[in-house]
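Residues 0 to 470 (numbering that gives the first Met the number 0) are what the sequence shown spells out, left to right.
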Amino acid sequence: MKHDKLTILRISLIISDIIAVVSSFGLAYYYRTHFDGRPYYFQPDIKSFFVLAITLIPLWVFINYVSGLYDRSVFLYRPKQYGRVFIASVVSIMSMISYEFFTGDDIFPVRIIAIYFVGINFVVMIIGRELVNFIHRSLLRGGVGRQEVLLIGNNERTTELADFFSNNIDYGYDVVGIVAKSQYLPNKSPRHFATFKDAVSKTSPEVIIHTDVARSETIYNYAIENHLSYMFVPQQDRLLSQLNSVEIVGGLPVIEVKITKLFGAGRIWKRSMDVILGSIALILFSPIMLVIAIVMKVTAPKDSIFFHQTRLTRFNKPFQIYKFRSQKAEYDGLTPEEAFKKMGRPELSKEYRKNGDQLDNDPRVTKVGNFLRATSLDELPQLINVVRGDISLVGPRALIPQEINQYERKSTILSVRSGLTGLAQVSGRRDISYEERRRLDVYYVQNWSILLDIQILFKTVISVLFRRGAK
0 MKHDKLTILR ISLIISDIIA VVSSFGLAYY YRTHFDGRPY YFQPDIKSFF VLAITLIPLW
60 VFINYVSGLY DRSVFLYRPK QYGRVFIASV VSIMSMISYE FFTGDDIFPV RIIAIYFVGI
120 NFVVMIIGRE LVNFIHRSLL RGGVGRQEVL LIGNNERTTE LADFFSNNID YGYDVVGIVA
180 KSQYLPNKSP RHFATFKDAV SKTSPEVIIH TDVARSETIY NYAIENHLSY MFVPQQDRLL
240 SQLNSVEIVG GLPVIEVKIT KLFGAGRIWK RSMDVILGSI ALILFSPIML VIAIVMKVTA
300 PKDSIFFHQT RLTRFNKPFQ IYKFRSQKAE YDGLTPEEAF KKMGRPELSK EYRKNGDQLD
360 NDPRVTKVGN FLRATSLDEL PQLINVVRGD ISLVGPRALI PQEINQYERK STILSVRSGL
420 TGLAQVSGRR DISYEERRRL DVYYVQNWSI LLDIQILFKT VISVLFRRGA K
């Protein structure tokens, strides 16, 4: 599910919409003050007016997002897009008028500016989006941002989709192979493969479109495990979920199966929250981190302050996770089994694994480390990972490469960024089994929402303050 190309398109649309909204505010204000001679309700202040417009940018973007204006299926079809733009403009301005009504705060010098804004914003936003569309199509025709597609299915839908993509290069899909019988191959046939296994071994598709019922589980699982987009013509109702999106392609309804909402606009919202909240938290906790570093150097001057380890995050990407050192330096780089064997207590390995990778009075941990773990302060350096984009504030536990084969749903967990905290941590990680924590990670990936993240962050603060679930 490598949607980075679509993410760039969505970011371009968001930037275009922001420019359109601010410009429309300015044009509505200018028209009212220079061409409309009627008296004002109060004397307008251009500076305050623009500050208000900029302050409300998140509201505009959110309403556009809810209206589906950052969905590819809407962007590609002008009638649908134009209608959504008009509705979003009306809803946005009605939200501001409602705010005025309920709070008594004056936003508009006169209500007519709101009407001017709706009309001007519709035109300016459409112009901006058409410009983005023109640039997008030009890049696609130049071979930039195109996605390679593998078509699978022994039916006429395979032929229809292949012909559609061949005749509509602006769609951005290049068919790199077809798995079908010869009678279902189009006139201008791409590479033909007899089996799915042969096709994926000789091509590198980013999207798999399945038009046939047979082999659905095998193909679907392959797509998920390799983080590819999986789409199908609706014949497989059992694979439907609330995350699926329907798109009309060449006259056929094609459904994309999604395992998480953390793509496109959802991913942008989450990353924005990570950068803003992560940076604020890093600044606020810097004095505490400095004190911890000094204490660690005083108590163990020869040991390093930080512990770093290779973990896996989104799409199996390795990164170095940072924590304050809580274990004795002599056990660096050793697995728990190796460390317990080195200290002459190999029997602790079974107890450690039985308790879900936890051990009361762990002999590997220093006195300072025990305090840091009990208060979760050892996790603070991970805020650096959050700001850098290695992990998110909230997400599944970052996987250790050596342990990855132990996870049944590792592909699902690795479809999003790992997190500093997560649903398992706030559900009492000392009181639930290892398997249950993994199930909670999978649940989080499949049911992500901004509200869920906020709830987890709030519960994390409560857990830390009352020392619930800390290792």
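Every residue, glycine too, gets a C-beta built ideally from N, C-alpha and C.
C-alpha distance - S200 paired with Q381, whole-angstrom precision: 38 Å
Identity of the residue in I111, G250, P395 nearest N167 by Cα: G250
Please name the residue, chosen from D16, L12, T411, that lies closest to E224 on a Cα-to-Cα basis. T411
How would you call M124, buried or exposed, if buried means at least 16 neighbouring beta carbons within 10 angstroms? buried
Minimum C-alpha distance to F164 - residue among I304, T194, P189: P189
Does DSSP classify G418 as helix, strand or coil? strand
Measure the beta-carbon distance from E155 to D173 and round it to whole angstroms, keeping in mind my assumption that it falls under 8 Å. No, E155 and D173 are not in contact; Cβ-Cβ is about 21 Å, not under 8 Å.
For F318, which residues does DSSP report across the bridge? R310
Using a Cβ-Cβ cutoff of less than 6 Å, which residues in the same chain neighbour S325 once the five nearest sequence positions on both sides are dropped? V364, G368, L371, R372, D377
As a quick exercise: from T158, I304, K349, Q308, pick the residue whose alpha carbon is nearest that of L333. Q308
Among Y219, E402, Y321, which one has its Cα closest to the Cα of F305? Y321
Over what stretch of residues does the alpha helix (DSSP H) that includes I282 continue unbroken? 264 to 298
Any idea which residues DSSP pairs S391 with across the strands? G418
Look at the alpha carbon of L68 and the alpha carbon of I134, and state the distance between them as a whole number of angstroms. 18 Å
Please name the residue or residues paired with L477 in a DSSP beta bridge. Outside the displayed range of the chain (0 to 470) lies residue 477, so it cannot be described from this structure.
Do the CB positions of V90 and I62 come within less than 8 Å of each other? yes
For the candidate residues S23, F195, E255, whose alpha-carbon lies nearest to that of I92? S23
Quick check on N360: buried or exposed, where buried means 16 or more other Cβ atoms within 10 Å of its Cβ? exposed
Where E346 falls: helix, strand or coil (DSSP): coil
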